[in-house]
Every structure is written in structure tokens, then in C-alpha cells.
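J.: Have a look at this one before I ask anything.
Protein chains: 2
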Amino acid sequence: MVSWEDISARLKEISLLEKTLALLSWDQETYMPPSGARVRSEEISLVVRLWHERICDPVWDEILNSFVSRDDLSTDQKRILEIFKRDRDKEVKIPVDLATALATAVSEAFQAWHEAKKASDFSLFLPALDKVFQLSLVKAAALGYERQRAYDAFLDLHEEGLTEEVFDPIAHETLGIMQRVREAIQEKGTPPAKDFLRQVYPREKQKSLCEWLLPCLGFDTQRGRLDTSPHPFSTTLARDDVRLTTRYDEHDPFVALYGVLHEAGHGLYEQGFLSEWEHTPLAQAVSLGIHESQSRFWENQIGRSLEFLEWIWPTMQHIFSPLLDGWTPQKIFHAVNEVKPSLIRTEADEVTYGLHILVRYEIEKKLFHGEIGLGDAPEVWNSLYHQYLGITPPDEARGILQDIHWSHGSFGYFPTYLLGNLYAAQWYATMQKTLDISSLVKKGEFGPLLQWMRENIHYHGRRYEAEVLVKRISGEPLRPRFFAQYLKGRYEAVYGISLSLS
Amino acid sequence: MVSWEDISARLKEISLLEKTLALLSWDQETYMPPSGARVRSEEISLVVRLWHERICDPVWDEILNSFVSRDDLSTDQKRILEIFKRDRDKEVKIPVDLATALATAVSEAFQAWHEAKKASDFSLFLPALDKVFQLSLVKAAALGYERQRAYDAFLDLHEEGLTEEVFDPIAHETLGIMQRVREAIQEKGTPPAKDFLRQVYPREKQKSLCEWLLPCLGFDTQRGRLDTSPHPFSTTLARDDVRLTTRYDEHDPFVALYGVLHEAGHGLYEQGFLSEWEHTPLAQAVSLGIHESQSRFWENQIGRSLEFLEWIWPTMQHIFSPLLDGWTPQKIFHAVNEVKPSLIRTEADEVTYGLHILVRYEIEKKLFHGEIGLGDAPEVWNSLYHQYLGITPPDEARGILQDIHWSHGSFGYFPTYLLGNLYAAQWYATMQKTLDISSLVKKGEFGPLLQWMRENIHYHGRRYEAEVLVKRISGEPLRPRFFAQYLKGRYEAVYGISLSLS
């Protein structure tokens, strides 16, 4: 029988390889000079292979087939093995040949996507994307799924337990909510003044604002840092080494500010796991959706609140003086919460963001159901944008070619973003019952909010699945009505209009 | 028989692990937040173990015992295996137990050194250092040496082929040269004016000067970059990804400038290997001494020349305007070439630098010969400083505790620094025969100098041992008289005195 000591040493080795991979990627996105890319991708392949070998090591079969009945393991230890078994099964099920073929196809598709986007011509992407898609169908078959729902295999890969059956009603309800808010605002709302964007906010000053903000939120800068990258992200090199990035727009200090709030939300989660479970699934995030709920909560529920702006205002005025003279938190509150249908998902406000997601979800479903072919996707894309957002992309670059995900074969990923928004709203409503969030935020006292997240979410790692966690915390399953409730409160205040969402 | 394809795939995997280690260390020195250290050292241990396993793989025994007589391998391929065999033998000879014991002892000694240095008390370092030293004697025995010269094993570890017998006459001759120059300057030289140090040179401006300088030297910034660290260094993440660091002193822009010139010298070497031999010893530096010759050449022979200062002067004046008004290249030439015995090796000028080295060399020899014990070392240190440099350290922090090397068990390392100075002078004299260095440097035309280095040194990687290389290039073995000749030229110009060194 393999001892726990041996088991946890094996888990640790796997984890250390994952963290090494995280560094290789972090550096690639932040500091690596352009010509470093070739060898870097070879290093990444090598470390992935070493990681894969350890995951697939047959010794695990013995461990994972017998642990349930062992008396010498604690409940936590058994939970760790249960989760690891599930993760490992997914890894083991993919034949090496398939993984290699997919890696090659993805690498070609990424190039093709890049060129197609530049030329704004989906047909240049189509053949390479088709190869990725066909291989993805094979991958779904390898992973297994029920009732001919191949897409479920991909949904589950990004959000454990998610299926079309689970997500469809959520999508339907959320679609209605978002459309009603969007329409009401488009009809009755007054667009905000945004002339503060006509000035130049020096990058160094923006950076110092962000650096100042992080510890205020509770982000431990001894255990993490902030850098710059074209696409903001966060990554975990260790529980005690969490890296965030943001980007700076010289004309809009809120791009970096909300970038940092978003990434700090991810980072606070990663810093909040218990050190005793480091290198095990009990020190990992529940799911992408739950991870996104952390970033959205700090970015939107907190960061875009009037109270937050009132709190941060004196500091911003001081740092950027005299650029913000004549502006008030109330005016900025309107500006940073503007709702307006737009073409690009990553630039969308939180009301229309989910509509971008549902366009993608519907297309992915149709593709996996065989209802449409990839060649039809641009047309469906445009028609759904018209239907959901009331706009039509003027070209494919700003339409179906905008996202990198499909070139990576990351089908089924998009829904997790929307789940993040929904979970965040549900946390907010629940937290509200025991904490006076508004007055805490107004004073910049974020400690109790973070502690709530720590105790309810972070400390548990993957002890509970998302479905169980949300019930434990809020007493009920994920419900879009919390999102509706949050949007109503927020946007009635922003636009001074009344929203009926019941 | 193992195919060349298989052999080179194995070499590549070893190389990729080395490069991954280089990234783990680079990040540790530059960006890693303090609390990242614990997991980082575990990652490094893991990757070192994976690397070691691949080096020691028994398949190599078969390959390395039979390659000499194989018809299917080219001369270059055989040379690669010959060098790899030599490197591997050293690695294989160290029993795992010994390596582990040394790693533990070194880690303890590093802590002890740190504390002893802070308290300026060598006795706090002594027990831990003694453990490292005793284990180092065992290591020397494992590596093997002739005529009871255990120190030779360590010299060879850092500079292949170096022995006391080889280095003693060089040390003796160089000691005489350096002492005569030092004494003459102390007697007859006028100290330079240095009031330009009383101003503040903004870090950002210094950085922009350094960033501007690198491509002028021929350093390819698409294949490398410059960062900041407390102790400047350079490291190679790939032939096409060479990282340099420097440090900034707000009062002295020449600290960063010469730091960058030094590290760029290392970096130019690493960027100069042939891509066809990437991941093999033919794309590696000959030795630490030859590596150091590259950094010293660019820092001293070139960077501290009057011509270089004349060339860079307008740019420096422009960047720091008006701080350098009233100064001239001639005055700066004097200031940056000041010769003055000082306590700290890393801050020493190029004349007295070697004296610091020889103090350490003499002590290491005596320790390995058993002539003195570690407890006697501080006294010997102080007396040699008095003898060579005419000064006595006021405390142990600025005396025997200043270097990190012994805590690492890096005995036999110091001589390579001095060899670097000697080689650099010999390259300079040889290059002079075909290139008008002065007028090229005056015009900022560094291309031909770099090309000379490329063709004579860089492109060959480890094809020739240092001893062979120096004869190929200059027609004779390493001769300290080139160093004497260089010092005479430089310091007669700097101080306007006459130096007799024959």
C-alpha cells in the first residue's frame, strides 16, 4: 500500500511542475524578448510531458482504485484523491497521439487565426479551425459524454459538472434579464459625460495608483506582484507568489484600475488557500466560474460602486492632480457604468457582456449538435449579435474573429465567464445579509469582505463542488435572479431610471 | 548503436532543463516577491534532480564508451561527445549522498555567512564553513586529482585544466605587475576630481542611457533584455534569450554604465554561438575565465578608454543635461580609471582587483594544503591585504566575510576572474594588430570588434580548450605581459606618469 507520505510527495512533484509551467508562461507574456519564443515553447512542451508522465504513472491506478476503503486516510486525504482521480481520468483518457495531433492543429490554427484576423477574413481561418474542431470531437468521444451531447464533455472540462441541460435554463433566464436592462437603458438612459478621457494620465502615476490599491484590498505584495502585459491576466507561481498584470491606457486611468481590481480578485482567491493543503486540490480553485466570480465581484460589485469611487476619489485626485478637477465620484460612477452594446466582448460592460457570451454559447451548441457547419458560423454570429445586442459587426475581425479561444480548441470555455457574473451577484446578496458592504467600502474597509470570501470560498479549495458550494453559502442553487437584483440596484442608481425585472 | 538523432535529442532535453533552471533563478533575482522563495527552491531542486537523472542515465555509458571509433559521426559530433563525457564524468563521480550532504551544508553555511557578515564575526561562520570545507575535500577526492593536490580538482571544476602548477607562475608574475602599478600611482599619481558624484542622476535617465547603449554595442535586444537586480549578472535562457541586469546608483551614472558594459560582454558571447549547435557544448562558453575576458574587454579595454568616453559624451550630456556641464571626457577618463587600494573586491579598480583575487587564491591553497586551518584564515587574510594592497580591513565584514563564494563551496572560483583580465588584455593586443581599435571606438563603430570576437571566440563554442584557443588566436599561451602592456598604456595616459613594467 502506498503511504500518504509517498502520495503527497507525488502530488507535490506534479504541482511543482505546474508552477514551473506557470513561470515559463508568465515570463513569456511579460518580459521574454521576441526571439525567446521558439525555445520557450520547447521548454513548455518538455515540462508538460514530464507532468503528463507523472499524472499517468501506473502507480496511481493502484492508489486510486483502493483509497476509498483505506482506514489510514482522513476524510480530507480521501477527498484529495477523489478529485485527483477525476482530473487524472480526463488526462489519461486522451490518447497521446490525439494530444499530439491537437497540439499541432492548435498551433497551426493559432497562426491562421492571427492572419485571418489581420485580414478580417474568416475563410482564412476555416480550414485550420475545422481541423481543431474535428479533433475536438474525437477528444469529446475520448472523454465520454451522455445522450450524444459531445458539447457536454467540453463544458465539463472547463466547469466541472456543467452540461447543456444545466446551463440552458440559466442562459435563457439571463438572456431575458440582460436584454431588458439593455433595452431600458437604451430607451430611457442618458449617456454619461466622458470628457475626462481627453487628457493624458501618465503611466507611472497610474501604476503608482494600482500599486497603492493592491494592499488596500488585502492583496499581500510580499506574496505577489503586479506587472504589465497586453492582455491582463493573473497566474499562480505558488500560493505565496501570485502574479497579476494589467495594461495602461494613457487616456483612461480606469482601464488599468479595473484591470487590477479584476485580476486582484483572482489573485486574492489564490492567496487565500490554506498553506497546509498546498500542492493538493484542496488548495485549488473550485472552477473557472467560481474563479471568475472573485474577479467580477471585486471589479464590478465593489469597484464600480459609488462608495468605492467615493473612497478612492481623494487619492485619484491627488495622484492625477489637476487632471480630475471638476469631476466627481457621481459623474465617474455614471461613466464607468455606461451600458452600451458594443462589438468587442472584452470591452463590454457587465450588462451586455453576457450577451456576447450567449452568442458564442449558442454557436458552439449548434456546431456540436451538427445543426450548422463552421462555414455557417459567421452568418449565425452576425444574426445573433443583431438579435441579442441590436448591432451587426461591420467586419469579421470585429465579429467572429475577435476571440482566441477556438483557435486553442477551448470550446465550452465562454459560459464560465457568464457564470462568474452570476455567482458574484449571488455572493453579493448573501454577504449583504451579514455585512454592511456599502459603508465598509465607503471607508475602504475591505478586510471583512475578504474575510467573508476567505471563510466561505477560499479556505475550502476544492472541498466542495460549485453546485454544493453555492448552496452551502446562499442556501440555494445558482439563481440568475440575484444578478437581476444586483443589476436593478446598480443601474437604477447609475441612470436614475426604474427597471422592472421580475 | 544509439543514433545521432537520439543523442542530440537527449542533449537537447538536458539543455532545456538547464535553461528552465536559468529562468527559475533569473526570476528569483529580479522579480520574485520575497515569499516566493520557499517554493522556488523546491522547484529548483526538482529540476536539478530531473537534470541529474538525465545526465546519469546509463544509456550514456554505451554512447560515450564507443563513439570514438564510430564512422557515422562527424568530427564536430565526436567533439561534442568528448566534452559531454568530461562534464558528465564530473557529475557522475559525485555520489548522491555527498551531493545531498553538500547541498544541506551549503544552505546552512549561506545562512551562517549572512548572519556572520551582519555581525562582522567570522567565528559565527566558522562551524558551518568547516562542514562545507570538509565535504569539499571529500568531493575533491571523488573528482580525483594528482600529486595530493586536492585544490586542483576545484580549480579544474571552474576552469578546465587549471592547476596550481599552471596558475602559480601566472599569479606570481601578475602580482608583481599589479603591485608596481599600484605603488607607482600611489607615489606619483594625482587623485581625480569626482565632484560629479555630488548630483542626482535620475534612475529613469540612467536606464534610458543603458537601453540606448546595448544595441550600439551589437547586443540584440530582440534576443535579450536588461533588468535590474542588486547584484548585476547575466544569464542565458536561450541563445536567443539572454538576460542582463544592472544596478543603479543615483549619484553615479557610471555604476550602471559599467555594469551594463560588463554584463553585455557576457551577453554578447552567449548571443554569439552558432544556432546550428544550440543545446550542445559547441554552443557553450569555453570556461569562466574566457567568459570573464569578454565582460572585462567591453567594460575596461573599451568602456574605460578615452575614445569610448569621447564617443558617448554627447549622448550622456544630452540625457543628463545640465548635470555634466563643465565636465569633459578627459576628466571623466581620469575619474573612472582611478586606482586606489580598497577593501571590497567587487568595487576594486582593474589594477588592484587582481590583488584581491590573489589574497583569496593564496588562502585557498594554504587551506587545501593543510598549511593553515579555517580558524587562521582571518589573520592570513588581513596580513595578505596588508602585504598586497597596503591596507588592513577594519572589521571582518569588510574583510574575510565579504564574499559569498565559500559559503557556496565555490573554492577555486576566484582565479577565473583574474584570468579574465589577463585574457582580455591578450585579445586586445592581438586585435590591435588587425584593427585600429581606437579610431573605431571613437566613432562608436563596435561592429568590427564584435566580429573579431565572434570569429575568434564566440563561433567556436567549446571546440577548443582555453589553452588551445589562446594560442590559436594570439600565437602564444596566456602571458601576463599583455596585461602589463595594457596597464602601462592605460595608466600612463590616465595619470600622466611613466610606468616601468618590464
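Residue numbers (my numbering), protein chains in the order written: chain A, 1 to 502; chain B, 503 to 1004.
C-beta: ideal position from N, C-alpha, C; glycine also.
Model, not experiment: these values are computed from the prediction.
What distance in whole Å lies between the Cβ atoms of E159/A and T416/A, which are believed to be in contact at a cut-off of 8 angstroms?
T.: 5 angstroms
J.: Just by C-beta distance, which residues in the region 505-534 of chain B are closer than 7 angstroms to chain A?
T.: E515, L518, K521, T522, L525, L526, D529, Y533 and M534
J.: Could you spell out where the alpha helix (DSSP H) holding D589/B opens and where it closes?
T.: T577 to K595
J.: Near S638/B, what residues of its chain come up, given a Cβ to Cβ distance below 8 angstroms and the 5 sequence neighbours on each side ignored?
T.: L604, F656, G911 and F913
J.: Who are the Cβ neighbours of L677/B in its own chain at under 6 angstroms, not counting the five residues just before and after it?
T.: L860
J.: Which residues, in order along the region 720-749 of chain B, keep a beta-carbon less than 9 angstroms from a beta-carbon of chain A?
T.: D722, T723, Q724, R725, G726, R727, D729, L739, A740, R741, D742, D743, V744 and R745
J.: Would W954/B pass as a contact of L937/B if the rule is Cβ separation under 8 angstroms?
T.: yes
J.: Please list the partners that S885/B has in chain A, where partner means a Cβ-to-Cβ separation under 8 angstroms.
T.: Ordered by position in chain A, no residue passes the 8 angstroms Cβ test against S885/B, which lies about 44 angstroms from the chain.
J.: Do you know offhand how far I582/B's Cα is from T20/A's?
T.: 29 angstroms
J.: Buried or exposed: which applies to G144/A, given that a residue is buried once 16 or more other Cβ atoms fall within 10 Å of its Cβ?
T.: exposed
J.: Report the rounded CA-to-CA distance for P314/A versus V351/A, giving the unit in angstroms.
T.: 28 angstroms
J.: Would A141/A and A335/A be called neighbours here (beta carbons separated by less than 8 angstroms)?
T.: no
J.: Under the DSSP definition of a beta bridge, which residues are partnered with L244/A?
T.: L226/A and S234/A
J.: In this structure, does DSSP put D249/A in helix, strand or coil?
T.: In this structure, D249/A counts as strand in the three-state DSSP scheme.
J.: In terms of alpha-carbon separation, which member of H52/A, F297/A and W298/A lies closest to P95/A?
T.: Looking at the Cα atoms, H52/A is the closest of the given residues.
J.: Output yes if chain A places a C-beta closer than 8 angstroms to the C-beta of L552/B; else output no.
T.: Yes, L552/B lies at the interface with chain A (some Cβ there is under 8 angstroms from its Cβ).
J.: Can you tell me where the alpha helix (DSSP H) with D623/B in it begins and where it stops?
T.: No alpha helix (DSSP H) holds D623/B; DSSP gives it neither H nor E.
J.: Using a 10 Å radius around the Cβ and a threshold of 16 neighbouring Cβ atoms, would you call E250/A buried or exposed?
T.: The Cβ neighbour count for E250/A, taken over all protein chains shown within 10 Å, is under 16; the residue is labelled exposed.
J.: What residues in its chain sit with their C-beta under 7 angstroms from that of L825/B, if we drop five residues either side in the sequence?
T.: Counting only residues of its own chain and dropping the five nearest sequence neighbours on each side, L825/B has a CB closer than 7 angstroms to the CB of Q701 and Y703.
J.: Going along chain B, which residues have a C-beta under 7 angstroms from V39/A?
T.: K521, A740, D742 and D743
J.: Mind pulling the chain B residues with CB within less than 7 angstroms of E42/A?
T.: L518
J.: Check the Cβ of P717/B against every Cβ in chain A and list those closer than 8 angstroms, keeping chain order.
T.: Residues of chain A passing the Cβ test: none, with the nearest at roughly 12 angstroms.
J.: Is the CB of V339/A under 8 angstroms away from at least one CB in chain B?
T.: no
J.: Which class does P831/B belong to by DSSP, given the choice of helix, strand or coil?
T.: Note: P831/B maps to helix in three-state DSSP.
J.: Does the structure place the region 885-904 of chain B close enough to the region 756-767 of chain B that three or more beta carbon pairs sit under 8 angstroms?
T.: no
J.: Rounded to whole angstroms, what is the Cα-Cα separation between G267/A and S287/A?
T.: 14 angstroms
J.: Scan the region 770-798 of chain B for residues whose Cβ lies nearer than 9 angstroms to a Cβ of chain C and list them as they occur along the chain.
T.: Included in the structure are the protein chains A and B, with no chain C among them.
J.: Between the alpha carbons of E292/A and D168/A, how many angstroms are there, rounded?
T.: 19 angstroms
J.: Just mark L209/A as buried or exposed, buried being the case when its beta carbon has 16 or more other beta carbons within 10 Å.
T.: buried
J.: Comparing the C-beta of Q35/A with each C-beta of chain B, is any distance below 8 angstroms?
T.: A quick correction: the sequence has Ser, not Gln, at residue 35/A. Taking Cβ atoms only, chain B reaches closer than 8 angstroms to S35/A, which makes this a yes.
J.: What does V47/A touch in chain B if you count any residue whose Cβ is under 8 angstroms from its own?
T.: T522
J.: Under 7 angstroms Cβ to Cβ from G289/A, same chain only, skipping five residues before and after it: list those, please.
T.: E159, T416, L419, G420, Y423 and A466
J.: Which whole-angstrom value describes the C-beta separation of G303/A and L274/A, a residue pair presumed to lie in contact below a C-beta threshold of 8 angstroms?
T.: Contact doesn't hold; Cβ gap of about 27 angstroms is too wide.
J.: Within 10 angstroms of its Cβ, does M178/A collect 16 or more other Cβ (buried), or is it exposed?
T.: buried
J.: Quick check: the region 392-405 of chain A against the region 118-137 of chain A, are at least 3 beta-carbon pairs closer than 8 angstroms?
T.: yes
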